[in-house]
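Heads up, the thing below is written out as C-alpha cells.
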Amino acid sequence: GEYAFYGCENLVNVYIADETPWHKVKVGDEANLFWYAENVYYGDRLFEAYDVPYGEELIESNVFYSLKTLKEVVIPSTVKTILKNAFAFTDSLEKIYIEDLSSWCKIDFETDMSNPLGYNELILDLEVLYDIVIPEDVNEIKPYTFNRYKRLLSVELHDKITFIGEYAFYGCENLKKINLDNVKHISDYAFNSSGLYSVVLSENVITVGILAFANCSNVELVSIGVNVNFIGAFAFDYLPSLSRLIFEDK
Numbered sequence: 007g008e009y010a011f012y013g014c015e016n017l018v019n020v021y022i023a024d025e026t027p028w029h030k031v032k033v034g035d036e037a038n039l040f041w042y043a044e045n046v047y048y049g050d051r052l053f054e055a056y057d058v059p060y061g062e063e064l065i066e067s068n069v070f071y072s073l074k075t076l077k078e079v080v081i082p083s084t085v086k087t088i089l090k091n092a093f094a095f096t097d098s099l100e101k102i103y104i105e106d107l108s109s110w111c112k113i114d115f116e117t118d119m120s121n122p123l124g125y126n127e128l129i130l131d132l133e134v135l136y137d138i139v140i141p142e143d144v145n146e147i148k149p150y151t152f153n154r155y156k157r158l159l160s161v162e163l164h165d166k167i168t169f170i171g172e173y174a175f176y177g178c179e180n181l182k183k184i185n186l187d188n189v190k191h192i193s194d195y196a197f198n199s200s201g202l203y204s205v206v207l208s209e210n211v212i213t214v215g216i217l218a219f220a221n222c223s224n225v226e227l228v229s230i231g232v233n234v235n236f237i238g239a240f241a242f243d244y245l246p247s248l249s250r251l252i253f254e255d256k
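In C-alpha cells form, the structure reads like this:
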C-alpha cells in the first residue's frame, strides 16, 4: 500500500520469491520498498534482470520504482500498457530487449517514468537501435514512446504518420534528423530538449503544441509552413543557436 516502507532508512536487503510475477504486483505510491535497499534479491540471486512473460499485456505502477540492482528487462510484443512510474529511478538499468519495434511503438505509457528508456539501450535482434525506421503498421507516434532515449540519432517516418504525441521525443539529446513532411499535429513537448539542428514544418503541419521545440540548443533553422494555424505557448522558446526563421507564403 501507499507509504508502506516510507522512512525505513535502515532497510538494507529485500528478498522476493522467484516465482513472484513481479510486473503484476500492485505497489502503492510512495511505498518505497526499494528506495533504501542496497541489495534486492529475486529468488537466490540479485534482482538484476526481469523477463516479462510472453502473453502479458500490462506492467503495473511503481513495480520497479528505484530498483537499483536492475540492469536488464525483456518486454514482449504482447505488452500494451505500462502504468505510472513503473521504471522511475531505475538508474542502473542498461538494456531493454524488445521483440519488434512495431509493438513497442503501440505501447501506452501512462507517464514519462513508465518508459524505461534514457541512457539505456533499446535492443532488437541483439542490435542497439540508434537509427529507427518506423514500421508501416504504426499509425502514430504515441506519447512518451521514445522519451529521453539518449542513444537515438535519427528517425524515419512513413507518410501515413500524421500525429506525434506528447513528450514522444522529449530529451532525445542526440536526435539529429527526423522527417516531418507528412505530420499534421505535433503535441506538447514532443521534441523539447532534443538535439535537432533544424525544424522544417511542411505545408501539412497544422498545429504545434506547447513547448514542442523549446530548449533545443542546436537548432539553427526554423521554417514555418503555410498551413500552420496554431502554435502553442513557448513552442520555440530558448533556441540559442537559431540564426534563420522562415515563414512560408502561400
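Reminder that position 19 of the sequence shown reads as 25 in the numbering used here, one-by-one numbering, no gaps.
No residue lacks a Cβ here, since even glycine has one placed at the ideal position from N, Cα and C.
Quantities reported herein were computed from a predicted structural model and do not represent experimental measurements.
| Query | Result |
| --- | --- |
| Contiguous beta strand (DSSP E) assignments of at least 3 residues, all confined to the segment 60-126 | 78-81, 101-104 |
| Start-end ranges of the alpha helix (DSSP H) lying completely within the segment 143-227, minimum 4 residues | none |
| For residue 37, the nearest candidate out of 9, 28, 184 (CA to CA) | 9 |
| Residue 55 - partner residues in DSSP beta bridges | 78 |
| Paired residues, beta bridge with residue 128 - DSSP | 102 |
| Through-space distance from residue 159 to residue 189, alpha-carbon basis | 19 Å |
| Residue 252 versus residue 232 - alpha carbon distance | 10 Å |
| Distance between beta carbons of residue 126 and residue 90, contact taken as under 8 Å | No, residue 90 and residue 126 are not in contact; Cβ-Cβ is about 19 Å, not under 8 Å. |
| Neighbour-count burial assignment, residue 59, 16 or more Cβ in a 10 Å radius | exposed |
| Nearest neighbour of residue 24, chosen from 18, 47, 31 [CA to CA] | 47 |
| Classification of residue 148 by the beta-carbon crowding that lies within 10 angstroms, buried from 16 upward | buried |
| Rounded separation between residue 31 and residue 80 - CA only | 17 Å |
| Buried versus exposed, by CB contacts within 10 Å (16 or more), residue 236 | exposed |
| Residue 239 classed as buried or exposed, judged by whether at least 16 other C-beta atoms fall within 10 angstroms | exposed |
| Continuous beta strand (DSSP E) stretch holding residue 252: start and end | 250-253 |
| Whole-angstrom distance between residue 131 and residue 226, CA atom to CA atom | 36 Å |
| Presumed contact (8 Å Cβ cut-off) between residue 155 and residue 173, rounded CB distance | That belief does not hold up - the Cβ atoms of residue 155 and residue 173 are roughly 11 Å apart, past 8 Å. |
| Burial state of residue 67 (16 or more Cβ within 10 Å) | buried |
| Endpoints, the beta strand (DSSP E) within which residue 19 is located | 19-22 |
| Under 9 Å between C-beta atoms of residue 185 and residue 162 | yes |
| Run of the beta strand (DSSP E) containing residue 137, from where it starts to where it stops | 137-139 |
| Between the CA atoms of residue 191 and residue 212 - distance to the nearest angstrom | 6 Å |
| Residue 52 to residue 77 span [Cα, whole Å] | 10 Å |
| Outcome for residue 7 when other beta-carbon atoms lying within 10 angstroms are tallied against a minimum of 16 | exposed |
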